[in-house]
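Asker:
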Amino acid sequence: MINTLQQSISKMRLRTASTALTLAVVLVFGVVTTQSAQAQTFTDLYNFRGSPDGANPYGAGLIRDAAGNLYGTTENGGPSGEGVVFKVDAHDTESVLYSFTGVGGTPKQA
Numbered sequence: 000m001i002n003t004l005q006q007s008i009s010k011m012r013l014r015t016a017s018t019a020l021t022l023a024v025v026l027v028f029g030v031v032t033t034q035s036a037q038a039q040t041f042t043d044l045y046n047f048r049g050s051p052d053g054a055n056p057y058g059a060g061l062i063r064d065a066a067g068n069l070y071g072t073t074e075n076g077g078p079s080g081e082g083v084v085f086k087v088d089a090h091d092t093e094s095v096l097y098s099f100t101g102v103g104g105t106p107k108q109a
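Reading the sequence shown from the start, the letters are residues 0 to 109 in numbering that gives the first Met the number 0.
(1) Taking only the alpha-carbon atoms, compute the straight-line gap between Asp-43 and Ser-94 and give it to the nearest angstrom.
(2) Report the residue from Gly-77, Ile-62 and Phe-47 whose alpha carbon sits nearest the alpha carbon of Gly-101.
(3) Taking the C-alpha atoms as reference points, what is the distance between Thr-72 and Gly-49?
(4) Quick one: Cα of Ile-62 to Cα of Gly-80, how far?
(5) Assign Leu-96 to one of three DSSP states: helix, strand, or coil.
(6) Taking the beta strand (DSSP E) that Tyr-70 falls in, what are its first and last residues?
(7) Among the residues of its own chain, which have a CB less than 8 Å from the CB of Gly-60, if the five just before and after it don't count?
(8) Can you check DSSP and say which residues form a bridge with Phe-85?
(9) In the DSSP output, which residue or residues are listed as bridge partners for Gly-53?
(10) Counting only the same chain and skipping the five closest in sequence on each side, list residues whose C-beta sits under 7 Å from that of Leu-96.
(11) Within 10 angstroms of the Cβ of Phe-99, are there 16 or more other Cβ atoms? Answer buried if so, exposed if not.
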């Protein structure tokens with residue numbers, strides 16, 4: 000009976016050690032993943048000058064096409080000061096696609 004009890008205790012220790020090892024691996028993986036996500040840096044692709052290229056990119060987000068070009072709008076700048084629709088290509092070159100001219104055409108928030 001003592002041998003059976005010792006075997007049961009040995010099996011419980013093995014299961015406990017196995018569970019602890021699995022938990023440790025999961026925690027280490029979580030820490031490594033979190034650290035690499037925090038280590039990301041961002042680079043400005045383009046800095047708007049106001050006129051003629053626009054100013055204050057609109058916070059609604061950007062759209063990316065299949066070629067990697069980014070499209071968006073600005074709230075201000077451009078020839079009339081009312082904002083533009085722009086494209087930034089894969090070489091970080093900005094192009095104005097459309098210039099807003101006044102009330103009703105501008106992407107400014109109401």
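Positions of the beta carbon are idealized from the N, C-alpha and C atoms, including for glycine.
Answerer: Judging by the given coordinates:
(1) For the pair Asp-43 and Ser-94, the Cα-to-Cα distance works out to about 16 Å.
(2) If we check each option's Cα against that of Gly-101, Gly-77 comes out closest.
(3) Between the C-alpha atoms of Thr-72 and Gly-49 there is a straight-line separation of about 13 Å.
(4) The straight-line gap separating the alpha-carbon atoms of Ile-62 and Gly-80 is approximately 23 Å.
(5) Leu-96 falls in the strand class under three-state DSSP.
(6) Unbroken beta strand (DSSP E) run through Tyr-70: 69 to 75.
(7) Once the five neighbours on either side are set aside, the close Cβ partners of Gly-60 are Gly-71.
(8) Paired residues: Gly-71 and Val-95.
(9) Paired residues: Gly-49.
(10) Counting only Cβ-Cβ distances below 7 Å, and skipping sequence neighbours, we find Val-84, Phe-85 and Lys-86.
(11) When all chains shown are included, Phe-99 counts as buried.
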